[in-house]
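Below: one structure, written as structure tokens.
In the UniProt record's numbering, the protein residues as written are 1 to 151.
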């Protein structure tokens, strides 16, 4: 699964390359609650299933930032760059949360390389990742991730 590049230089000219989809990942309550405990965001809409039944989504939903954090888990399944001494997470250009992820839903990442730049001895790559929700037309999140691969 995913696209493998033999070296950072092999990325040059890969703008527009579709990286495919990851496997589906089930977002369960224990993951959401643990994320809330870790970040201090214990809002009932995320961590209180009983109260959330009467809330706007009919149950608990994942934190937006949990959905975003899972983009990092999807990246190795979308793109692998060999021949590197280090791979660096530079950050994000754009993030949008478009639909809530209900607890119990399955999500996956889909990626497209949108930009490639030579940066010193390394190659910097922007990958637009769409977090899809199984059975829904509207994605949960879109994020433009920036990584730098140094030979």
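Just so it is clear, CB atoms sit at the ideal spot from N, CA and C, and this is done for glycine as well. What you are looking at is a predicted structure, and each value in this text was computed from that prediction instead of being measured.
Mind checking residue 16: buried by the 16 CB within 10 Å criterion, or exposed? Exposed, since its Cβ has fewer than 16 Cβ neighbours within 10 Å.
To the nearest angstrom, how far is the alpha carbon of residue 131 from that of residue 72? 11 Å
C-alpha distance - residue 109 paired with residue 87, whole-angstrom precision: 20 Å
To test your reading of the DSSP string, which unbroken alpha helix (DSSP H) runs of 4 or more residues are found completely within the UniProt domain "MaoC-like" (15 to 131)? Restricting attention to alpha helix (DSSP H) runs no shorter than 4 residues, the UniProt domain "MaoC-like" (15 to 131) encloses them at 29 to 39, 44 to 47, 49 to 52, 64 to 78, ordered along the chain.
Residue 113 and residue 11: beta carbons closer than 9 Å? The answer is yes: Cβ separation under 9 Å.
Going by DSSP, what residues sit across from residue 143 in a beta bridge? 95, 129
Give me the residue from 23, 94, 49 with the minimum Cα distance to residue 75. 23
Please state if the CB of residue 62 and the CB of residue 95 are separated by a distance shorter than 9 Å. no
Please classify residue 34: is it buried, with 16 or more other beta-carbons within 10 angstroms of its beta-carbon, or exposed? Exposed, by the Cβ-count rule.
Which residue from 144, 53, 59, 89 puts its Cα closest to that of residue 103? 59
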